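Going from the sequence shown to our numbering is simple: count from 1 and add 27.
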Amino acid sequence: MIKSLYNVYKTVLKNWQITKTAKYNFKEKLTVFKILNELYFKSLFYKKRTEIVQNIFQFKVSANSYTTLSFLFKEIFISRDYFFQADNTRPIIIDCGANIGMSILFFKFIYPNCSIIAFEPNPKAFYLLKKNVEQNNLQNVELYNLALSDEKGQIDFFVGNNEAILLASTIAERGGHDVFKIGSDKLSNYLNTKVDLVKMDIEGSENKVLSDLVLTDKIENAKNYIIEYHHRINNQKSSLSDFIKLFEEATYEYNIKSSFSKIGVFQDILLSFYKV
Numbered sequence: 028m029i030k031s032l033y034n035v036y037k038t039v040l041k042n043w044q045i046t047k048t049a050k051y052n053f054k055e056k057l058t059v060f061k062i063l064n065e066l067y068f069k070s071l072f073y074k075k076r077t078e079i080v081q082n083i084f085q086f087k088v089s090a091n092s093y094t095t096l097s098f099l100f101k102e103i104f105i106s107r108d109y110f111f112q113a114d115n116t117r118p119i120i121i122d123c124g125a126n127i128g129m130s131i132l133f134f135k136f137i138y139p140n141c142s143i144i145a146f147e148p149n150p151k152a153f154y155l156l157k158k159n160v161e162q163n164n165l166q167n168v169e170l171y172n173l174a175l176s177d178e179k180g181q182i183d184f185f186v187g188n189n190e191a192i193l194l195a196s197t198i199a200e201r202g203g204h205d206v207f208k209i210g211s212d213k214l215s216n217y218l219n220t221k222v223d224l225v226k227m228d229i230e231g232s233e234n235k236v237l238s239d240l241v242l243t244d245k246i247e248n249a250k251n252y253i254i255e256y257h258h259r260i261n262n263q264k265s266s267l268s269d270f271i272k273l274f275e276e277a278t279y280e281y282n283i284k285s286s287f288s289k290i291g292v293f294q295d296i297l298l299s300f301y302k303v
């Protein structure tokens with residue numbers, strides 16, 4: 028009992044430390060702290076639910092578990108890795124790998140009048156994505172249940188169980204045990220005019236998508252790219268420099284963010300490319 032109470036105390040204290048570093052005003056920080064604690068306590072008492080609902084700022088968010096939602100809230104709303112400085116109040120955003128829609132909600136939080144085209148291949152995640160867009164009455168949001176690649180067609184997509192809704196990929200070893208035959212398309216087919224941001228988290232398909240953008244001469248149709256690059260996914264040979272070089276040749280500048288665990292292992296690398 029004492030140990031359990033101590034764990035609760037440590038978590039609440041940690042949530043406050045996280046809140047203090049969040050880039051929000053004081054009132055918003057109080058809301059962040061409240062959300063973190065609500066998600067934590069609900070995760071303790073509602074472990075068996077297959078679908079949950081939580082208020083995140085002004086949004087009503089459906090997810091598969093409080094644990095998953097807590098992870099996404101910290102990654103997207105607190106770390107704010109997808110923040111970008113638009114030069115207008117109605118930016119056009121393409122979201123590649125929208126999952127359940129937390130990134131879309133974040134974009135609508137910082138730019139309420141933005142327009143978004145979103146892709147999510149995982150059928151389980153897409154169900155929640157569509158629900159979150161509809162129940163928040165989000166305007167100017169187009170959703171596509173498609174995988175992005177370097178060709179249009181059908182591909183196998185590997186998905187984890189309900190709790191592991193974040194575990195999904197076109198790469199068998201990266202995804203789960205459930206296999207779906209889903210449609211695929213090229214991002215270049217949707218990047219025919221200038222957009223403000225392409226956000227990309229597509230579990231290892233980023234090389235194929237980028238190669239097609241270069242081949243079709245569409246890469247410079249986006250002013251900014253924020254890409255989750257999957258370095259040495261499946262122990263593949265390192266090719267980060269080749270990936271970055273394509274942007275350098277298109278005269279983009281960039282920033283790199285990553286954490287290091289040990290040599291030789293898979294690494295998520297956040298790449299932010301921008302035109303100056």
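Yeah, the Cβ is synthetic: ideal placement off N, Cα and C, and Gly gets one too.
This one's a predicted model, so the numbers in the text were calculated from it and none came from an experiment.
Beta-carbon proximity of residue i to residue j, cut-off 9 Å
i: Ile121; j: Ile131; result: no
i: Leu63; j: Phe100; result: yes
i: Phe151; j: Asn91; result: The sequence shown places Lys at residue 151, not Phe. In contact: Lys151 and Asn91 (Cβ atoms closer than 9 Å).
i: Ile119; j: Val222; result: yes
i: Phe207; j: Asp183; result: yes
i: Phe146; j: Leu175; result: yes
i: Cys123; j: Asp228; result: yes
i: Val292; j: Ile254; result: no
i: Ser89; j: Ile105; result: no
i: Leu155; j: Ile137; result: no
i: Leu173; j: Ser211; result: yes
i: Phe84; j: Thr58; result: yes
i: Phe153; j: Leu170; result: yes
i: Glu247; j: Ala277; result: yes
i: Ala49; j: Lys56; result: yes
i: Gln81; j: Leu71; result: no
i: Lys235; j: Asp177; result: yes
i: Asp108; j: Lys284; result: yes
i: Ile209; j: Pro139; result: no
Backbone secondary structure at residue i - three-state DSSP
i: Ser299; result: strand
i: Ile45; result: helix
i: Asn282; result: strand
i: Asp212; result: strand
i: Leu173; result: coil
i: Ala152; result: helix
i: Ile182; result: strand
i: Ser106; result: coil
i: Lys226; result: strand
i: Asp244; result: coil
i: Phe111; result: coil
i: Ile290; result: coil
i: Tyr127; result: For the sequence presented, residue 127 should be read as Ile rather than Tyr. Here Ile127 sits in coil by DSSP.
i: Asn167; result: coil
Neighbourhood of residue i by C-beta, 6 Å cutoff - its chain only, sequence neighbours within 5 removed
i: Lys69; result: Tyr93
i: Asn167; result: Ser142
i: Asn282; result: Ser299
i: His258; result: Leu267, Gln294, Ile296
i: Tyr252; result: Val225, Phe300
Min CB distance residue i to chain C below 9 Å
i: Asn282; result: Protein chain content of the structure displayed is limited to a single chain, and chain C is not contained in it.
Residues near residue i by beta carbon distance below 7 Å, same chain, minus five either side
i: Lys245; result: Ser215, Leu218
i: Tyr33; result: none
i: Tyr279; result: Phe300, Tyr301, Lys302
i: Tyr256; result: Glu233, Leu267, Phe270, Ile296, Leu298
i: Val5; result: Residue 5 is absent from the structure shown; the chain starts at 28 and stops at 303.
i: Val241; result: Leu273
First and last residue of the uninterrupted beta strand (DSSP E) at residue i
i: Ser89; result: 86 to 90
i: Asp122; result: 119 to 123
i: Glu255; result: 249 to 258
i: Phe146; result: 142 to 146
i: Asn82; result: 79 to 83
Close-in-space but distant-in-sequence residues of the same chain around residue i (CB under 8 Å, 5 per side omitted)
i: Thr243; result: Lys213, Ser215
i: Trp43; result: Phe60
i: Lys158; result: Ser89
Start-to-end residues for the alpha helix (DSSP H) that takes in residue i
i: Asn64; result: 53 to 72
i: Leu267; result: 267 to 276
i: Thr94; result: 93 to 99
>> With three or more C-beta pairs closer than 8 Å as the rule, is the stretch 267 to 285 touching the stretch 294 to 302?
In response: yes
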